[in-house]
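Take a look at the structure set out below.
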Amino acid sequence: RSCVPGRRCWNHENGVILSDFLNCFKCLNCPNKWTNSGSCLICDSSDNPICATLKDEAALISSCGAEEDYCFVQMDEFGHIQRGCGSASYCQGVDSCTVCQGANCNNGPYPAGRRQCHKCSGVECENPLTGPVEICNVFREDDSCYTVVVIDEGSDIYTHRGCVSDEMDNQCENYPDICVTCNTNGCNNQPPRNQSELSCIKCTEPDPACRYEYDEESGQMCGYEVYLGRPERCYTHIDIDGGVRRGCLDDFRTDQQILNDCNGDNDFCTICTTNNCNWEQVAQPSQCVVCSSAIDSNCALLGTVPSLEECPTGSHDKRGCFLMYTNNVVSRGCVGSLDSNSLDICKAGEDCKICLEDGCNRKVNFQTCYTCNSNEDQECIMSQSNEDAVTCSSYTDNCITYIEPESKRTVRGCQGETSLPPGVICPSDTCSECS
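Numbering (my numbering), first residue to last: 860 to 1294.
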């Protein structure tokens, strides 16, 4: 036998290493030391991932040969790690390789600082918020951690966590649309679901405002739990009959037909992903006469009817056209173009009237009608003078004259403001209208 300092007994004749130190003897060339052989971690992560992750380091320790005074660790071109015994010159001319001297000194992550992530799969993986992290099996310079939350047909939740670089267990490849990645050690510790932080415009017709533009600050919190990796989305949906709905698409209360349309390829739905993003007007913009008699005298009496102009989009209370008389000036235009002071004047309804149909402000003047009842004023059955006419509340109203068949009672007034007996319609044999 011969001895090498710091190693177990080594028999050069049969290559046997003696593990029983009591059977070793003192060699003349290493006085006062038991002869013993060295040990290193010996493995290859391409067939044993523990070589990279070091999850069970003790299982990798093996004895070295008599001439192998050093341990080494190296990484190949594929990011796999090899560890073993070697000489001092083992790594000469080899990239990504280092040697060390001492028992099992080739332990520890290599390269230093490589990515570490939570790794688990299944129901028990839901909340590994304080669990240990593991070194990724394969080294990648830009490696990431991932979390994938899968909901099966039975509504069971399965959470998968790991390294994007994992060649065998990367669930991101199976579920790329719902895979959430991050780039710091242990960052994939998110809970599988969180309270939604999205706010959307919510409305349903017959609410008349639902078709028009909303203030971007008028949304409501969605308030449901959202699973990790799922988008939070607002929607505006128009059904086959033209009805409009707005809301939070991923709310469990959302109708299945809306979900089908919004997740499909069609024109029934628009979706967006920022707070209150579904505010835009659905209704076609109004078209109105736009003019001022201060610039164009034709605006007063409309001897020549100008073409209509498309109005800007706006909220429900800014839809339609207007006709305004102020300071002997006649103005016609879009309600959505009015400043707040002018809008208040139009809503008051005295010097300005609003109408809602396209081109409705082509009507030259406010509607005026004779208003009387022959039961109260016998003169009502006679022809009326212009002085007795009153302005109707509605710009587009009609005047009616109703004669009750039996009593011959005569009623005149603005159609929208005059009460008639049930069942009476205008025009008819007993009721005439004009404008």
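Cβ atoms here follow ideal geometry from the backbone N, Cα and C, with glycine treated the same way.
query                                                                                                                                                                      : result
Quick test of the definition: if touching needs 3 or more C-beta pairs under 8 Å, does the segment 1061 to 1068 touch the segment 1024 to 1035?                            : no
Do you know offhand how far N1257's Cα is from S1166's?                                                                                                                    : 24 Å
For K903, which residues does DSSP report across the bridge?                                                                                                               : According to the sequence as given, residue 903 is Asp; it is not Lys. Answer is Q941.
Note down the Cα distance separating E1091 from E1012, rounded to an integer number of angstroms.                                                                          : 21 Å
Can you grab the Cα-Cα spacing for the pair V958 / I909, in whole Å?                                                                                                       : 20 Å
Please return the same chain residues whose Cβ sits closer than 6 Å to the Cβ of Q1030, not counting the five positions on each side in sequence.                          : V1007 and H1019
Just the Cα atoms here: how many angstroms apart are D879 and D1028?                                                                                                       : For D879, the predicted structure reports a pLDDT of 43, less than 50, and the residue's modelled location is therefore unreliable. The matter cannot be settled from this model.
Beta carbon of C1059, beta carbon of C1107: below 8 Å?                                                                                                                     : yes
Just how far apart, CA to CA, sit G1195 and V1103?                                                                                                                         : 21 Å
In this structure, how does DSSP classify G1275 when only helix, strand and coil are distinguished?                                                                        : helix
Quick test of your reading: Y1094 and C1128, contact by CB under 8 Å. State the CB separation rounded to the nearest angstrom.                                             : 6 Å
State yes or no: is the C-beta of L913 within less than 8 Å of the C-beta of I901?                                                                                         : no
For Y1254 versus V1283, is the C-beta spacing smaller than 8 Å?                                                                                                            : no
Find out if the Cβ-Cβ distance for the pair Y949, F937 is shorter than 8 Å.                                                                                                : no
Using the Cβ count rule (16 or more neighbours within 10 Å means buried), how would you classify I1154?                                                                    : exposed
With distances taken Cα to Cα, identify the nearest neighbour of F1111 among D1126, C1081 and G1101.                                                                       : C1081
Enumerate, from N- to C-terminal direction, the unbroken alpha helix (DSSP H) stretches of 4 or more residues contained entirely within the segment 1119 to 1165.          : 1157 to 1160
Alpha carbon to alpha carbon, how far is Q1079 from N1135? Give it in angstroms, no decimals.                                                                              : 8 Å
Would you kindly work out how many angstroms separate the C-alpha atoms of V1164 and R1221, rounded to a whole number?                                                     : 7 Å
Look at the alpha carbon of E927 and the alpha carbon of A947, and state the distance between them as a whole number of angstroms.                                         : 8 Å
With a cut-off of 8 Å on the beta carbons, I'd call C1193 and I1204 a contact; round off their distance for me.                                                            : With 8 Å as the limit, C1193 and I1204 do not qualify as a contact, their Cβ atoms being about 15 Å apart.
On a CA-only basis, which of C979, D1236 and Q941 is nearest P970? Give me that one, please.                                                                               : Q941
Drop a sphere of 10 angstroms on the beta-carbon of S1199, count the other beta-carbons inside from all chains shown, and report buried for 16 or more, exposed for fewer. : exposed
Identify every residue that forms a DSSP beta bridge with S898.                                                                                                            : S922
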